[in-house]
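Under the working numbering, think of the first position of the sequence shown as 2, with each following residue one higher.
Yeah, the Cβ is synthetic: ideal placement off N, Cα and C, and Gly gets one too.
Accompanying notes for the structure given below.
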Amino acid sequence: MNPLSYETKPASQSVTLRHLRIFIAVSDLGTMTAAAKALYIAQPTVSQAISELEAFYGVRLFERLSKKLYMTPQGFQLLDYARHISSLYNRMDMAMGDASEGSVVKVGASMTIGSCFLPQVVEAFTKKYTDVPIEAVIRNTRDIEAMILKNEIDFALVEGTVHSTNIYADPFDEDRLLLLCGRGHPLYGSGKLETTALSGKKFIVREEGSGTRELFETSMAAAGIPWQAAWVYSGSDGLISAAIHNLGIAVISRRLAAKALESGELWPLQVEGFDLIRRFFIIRHKNKYLTGPMKNFINFCTELSRG
């Protein structure tokens, strides 16, 4: 930090929203030239804005090596705040420009929650708050975490573990993963199994980055069970279909497989000491300002999960 305190700096030295937006553009696009083109300003203007930011805080925001820019730790720290300040200003501008228009709630969800829980929340919420638009994005947990950090969504509902220390995660429900096989699989109709029964078996799993995949891999590694990923899907329908057609053992949420279990198309394997229980979390950036509609939506989630 610059040894000069904020109080002793000249009044002409200040960080403006313009500085922050230029900084965000440079960080997102990778070069000052690209940022200048995107913002329709001259490249020297971009360079000056970055230099003024660095002078104001007394830190390097970018390392300039071989004509390339590499963001410093201080740069990443400032970027985190800059995104949220810019987003908050945009919300204020929209709210003041048209106070009668509802504030859009941008919610993310990981695949399982997006399939079996989020639709009923949105339905209940929009019936009560008819003037609040909802925008939903469904991705795997890793992608949702990245969107939270970039402030592309307001908050999210995920079943996986988030890893950033800049994100708050509040549990609101539980879920169980099942190991399921089709009628033609050798383990269909089996009773209690030892973990050795899973050794070397072919599994039908979610893609890397999903909370389902992470929990399964961690549990298998902890139990010392070798396994094969025979099929990889990004959605539940593919997992269920592949298991029904005896292509392996599917790893999927109990909620998503309810119909196939009821019909007998799939059989749940009961493995001694191998319970895949996980929590659902509401996640948000620790610096995120929650508007009234956002808080109301979060309350709907917790109320519906409690029945």
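Quick one: measure Cβ to Cβ for residue i and residue j, integer angstroms, because I've assumed they're closer than 8 Å.
i, j, result
"Ile-340", "Ser-111", "As displayed, the chain neither begins before 2 nor continues past 308, which places residue 340 out of reach and without an answer."
"Lys-107", "Asp-155", "5 Å"
"Arg-280", "Pro-172", "4 Å"
"Cys-302", "Ile-278", "With 8 Å as the limit, Cys-302 and Ile-278 do not qualify as a contact, their Cβ atoms being about 20 Å apart."
"Arg-92", "Gln-75", "No, Arg-92 and Gln-75 are not in contact; Cβ-Cβ is about 27 Å, not under 8 Å."
"Ala-114", "Leu-158", "Residue identity check: residue 114 is Ile in the sequence provided, not Ala. That belief holds up - the Cβ atoms of Ile-114 and Leu-158 are roughly 5 Å apart, short of 8 Å."
"Leu-305", "Val-122", "6 Å"
"Trp-228", "Leu-199", "7 Å"
"Thr-292", "Ser-88", "Not really, about 11 Å apart at Cβ, beyond 8 Å."
"Phe-57", "Thr-73", "Going by Cβ atoms, the distance from Phe-57 to Thr-73 rounds to 15 Å, so no, they are not a contact pair."
"Leu-178", "Phe-217", "7 Å"
"Phe-126", "Phe-298", "6 Å"
Answer with buried or exposed for residue i, where buried requires no fewer than 16 other C-beta atoms within 10 angstroms of its C-beta.
i, result
"Glu-160", "buried"
"Ser-211", "buried"
"Pro-294", "buried"
"Ala-1", "In this structure the chain extends from 2 to 308, so residue 1 is not present and cannot be described."
"Leu-33", "The residue asked about is misnamed: residue 33 is Met in this sequence, not Leu. When all chains shown are included, Met-33 counts as buried."
"Leu-18", "exposed"
"Tyr-234", "buried"
"His-164", "exposed"
"Ala-12", "Low local confidence applies: a pLDDT of 40 at Ala-12 is under 50, so the model's placement there is unreliable, with the coordinate-based value given in what follows. Classification of Ala-12: exposed, given that the 10 Å Cβ count is below 16."
"Lys-296", "exposed"
"Thr-166", "exposed"
"Ser-15", "exposed"
"Ile-149", "buried"
"Thr-219", "exposed"
"Asn-300", "exposed"
"Gly-225", "exposed"
"Ala-100", "Bear in mind that a pLDDT of 47 at Ala-100, under 50, signals an unreliable position, so the model cannot answer this."
"Ser-254", "buried"
"Gly-109", "buried"
"Glu-215", "buried"
"Ala-26", "buried"
"Thr-142", "buried"
"Glu-55", "buried"
"Asp-176", "buried"
"Asn-152", "buried"
"Glu-102", "Residue placement at Glu-102 is flagged as unreliable, the pLDDT there being 48, under the threshold of 50; a coordinate-derived value is accordingly withheld."
"Thr-197", "exposed"
"Ala-244", "buried"
"Ala-36", "buried"
"Arg-140", "buried"
"Arg-307", "exposed"
What are the partner residues of residue i, as DSSP defines its beta bridges?
i, result
"Ser-254", "Leu-178"
"Pro-278", "A small fix is needed here, since residue 278 is Ile in this sequence, not Pro. Arg-177."
"Gln-121", "In the DSSP output, where bridge partners are listed per residue, Gln-121 has none listed."
"Arg-285", "Tyr-169"
"Pro-269", "Leu-181"
"Tyr-290", "DSSP lists no partner for Tyr-290."
Please tell me whether, using a cut-off of 6 Å, the distance from the CB of residue i to the nearest non-hydrogen atom of the ligand FAD is below it.
i, result
"Ser-306", "Annotation note on the ligand FAD: not contained in the displayed structure, which lists no ligands."
Should the stretch 269-276 be regarded as contacting the stretch 284-292, the criterion being three or more beta carbon pairs within less than 8 Å? No, because fewer than three Cβ pairs between the stretch 269-276 and the stretch 284-292 fall closer than 8 Å, the two stretches do not touch.
Any contact between the stretch 35-42 and the stretch 74-89? By contact I mean 3 or more CB pairs, one from each, below 8 Å. no
* Return the chain-ordered ranges of every alpha helix (DSSP H) run that is complete within the stretch 126-182 and spans a minimum of 4 residues. => 142-150
Are three or more beta carbon pairs between the stretch 199-210 and the stretch 226-241 nearer than 8 Å?
yes
Requested in this report: Please go through the stretch 42-109 and give each complete alpha helix (DSSP H) segment of 4 or more residues, from N-terminal end onward.
Outcome: 44-58 and 74-98
So, does the stretch 245-257 touch the stretch 187-207, judging by three or more C-beta pairs under 8 Å? yes
Practice prompt. Return the chain-ordered ranges of every beta strand (DSSP E) run that is complete within the stretch 174-232 and spans a minimum of 3 residues.
Written response: DSSP runs (the beta strand (DSSP E)) wholly in the stretch 174-232: 203-207.
Practice item. Would you be able to state if there are at least three C-beta pairs under 8 Å between the stretch 255-262 and the stretch 52-72? Key: By the criterion of at least three beta-carbon pairs nearer than 8 Å, the stretch 52-72 is not in contact with the stretch 255-262.
Discussion item. With a threshold of 8 Å, are at least 3 pairs of Cβ atoms found where one atom belongs to the stretch 50-60 and the other to the stretch 20-27?
Written reply: yes
Note to self: When you compare the stretch 177-188 with the stretch 127-146, are there three or more beta-carbon pairs, one atom per stretch, that lie closer than 8 Å?
What the structure shows: no
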